[in-house]
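Shown next, in structure tokens, is the structure this report addresses.
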Amino acid sequence: MPEFSDEVDATHAAKRELRVTLLAHRRSLPAPARAAAAARVQAELTSLVGRLRPAWMTAYVPVGSEPGGSDLPAVLRAALPPEAELLLPVLRDDLDLDWASYTDPGSLRAAGRGLREPAGPRRGPDAVAEAALVIVPALAVDRRGIRLGRGGGSYDRALARVPADTLTVALLHDGELVEALPAQPHDRPVRAVITPTDGLRTLARATVV
32 MPEFSDEVDA THAAKRELRV TLLAHRRSLP APARAAAAAR VQAELTSLVG RLRPAWMTAY
92 VPVGSEPGGS DLPAVLRAAL PPEAELLLPV LRDDLDLDWA SYTDPGSLRA AGRGLREPAG
152 PRRGPDAVAE AALVIVPALA VDRRGIRLGR GGGSYDRALA RVPADTLTVA LLHDGELVEA
212 LPAQPHDRPV RAVITPTDGL RTLARATVV
């Protein structure tokens, strides 16, 4: 038991150090570089949406230095067929994610932690399981698909509800697709990433043991 505990502590510490480094790098990016990166990520993602034409997809509202730009939901809504559903996350008190429909910028409201969330009716945490395309935030992803988030576990819980054959895509800045990340059994891999320079890249599915 002590050896297992030490291993868990070491993994937590490694993740924490990586988060500090990656967030500092994101904050150091000049505003013009962030804007250019957001435009390229949006273009690649809207191209993917145009090819897939999902009837139901999820995304999120990027904040601060997150790739994709704060207007990402509006861009995606315009790229989707009129009858399609775009769901955005609503953070629950237990840090799990509920979901609600996005229609336009006026459907968003300010929430805790600097987030913006849809104000409409909640669809329940299991709504993500019905999406044909799931877009998630990440600080980094490795080539197995292992994703490093901000540490709350919200998206790991959400991704655990998503069928294995659903396309899950993390949005990254250049340099955030890495060879390997520390991982734990609860970490859920994604199937693809989008970066400004390389666009959409599919990844090997990982089994975390």
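In my numbering, the protein residues as written are 32 to 240.
Where a beta carbon is used, it is the ideal one built from N, C-alpha and C, also for glycine.
- Query: Which one or two residues does DSSP pair with glycine 25 in a beta bridge?
  - Reply: Because residue 25 is not part of the residues shown, which for the chain are 32 to 240, the question remains open.
- Message: I need the straight-line Cα distance from valine 239 to arginine 175, nearest angstrom please.
- Response: In this predicted model, valine 239 has a pLDDT of only 39, less than 50, meaning its place in the structure is not dependable enough to derive any value.
- Cross-strand partners of threonine 16 (DSSP beta bridge): Any property of residue 16 remains undetermined from this structure, which presents the chain solely from 32 to 240.
- Query: Under the DSSP definition of a beta bridge, which residues are partnered with serine 132?
  - Reply: Leu118
- Check whether the Cβ atoms of alanine 162 and tryptophan 87 sit closer than 8 angstroms, and answer yes or no. yes
- Enumerate in chain order the residues of its own chain whose CB-to-CB distance from alanine 160 is below 7 angstroms, with the five nearest sequence positions on each side excluded. Arg192, Val193, Pro194
- Message: Tell me which residue opens and which closes the beta strand (DSSP E) that alanine 171 is part of.
- Response: 171-173
- Query: From the DSSP output, which residues share a beta bridge with arginine 140?
  - Reply: Glu148
- Query: Given that a residue counts as buried once 16 or more other Cβ atoms are within 10 Å of its Cβ, and exposed if not, what is valine 221?
  - Reply: buried
- Query: Would the beta-carbon of valine 94 fall within 8 angstroms of that of glycine 145?
  - Reply: yes
- Task: Could you give the DSSP three-state label for arginine 84: helix, strand or coil?
- Result: coil
- Message: For glycine 155, tell me which candidate among Thr89, His204, Arg71 has the shortest Cα-Cα distance.
- Response: Thr89
- As assigned by DSSP and simplified to three states, the class of valine 106: helix
- Query: Buried or exposed: where does alanine 169 fall if 16 or more other Cβ atoms within 10 Å of its Cβ makes it buried?
  - Reply: buried
- Message: Measuring straight from C-alpha to C-alpha, what distance separates proline 104 and alanine 66?
- Response: 16 angstroms
- Applying the criterion that 16 or more other CB atoms from any shown protein chain within 10 Å of the CB defines a buried residue, is leucine 179 buried or exposed? buried
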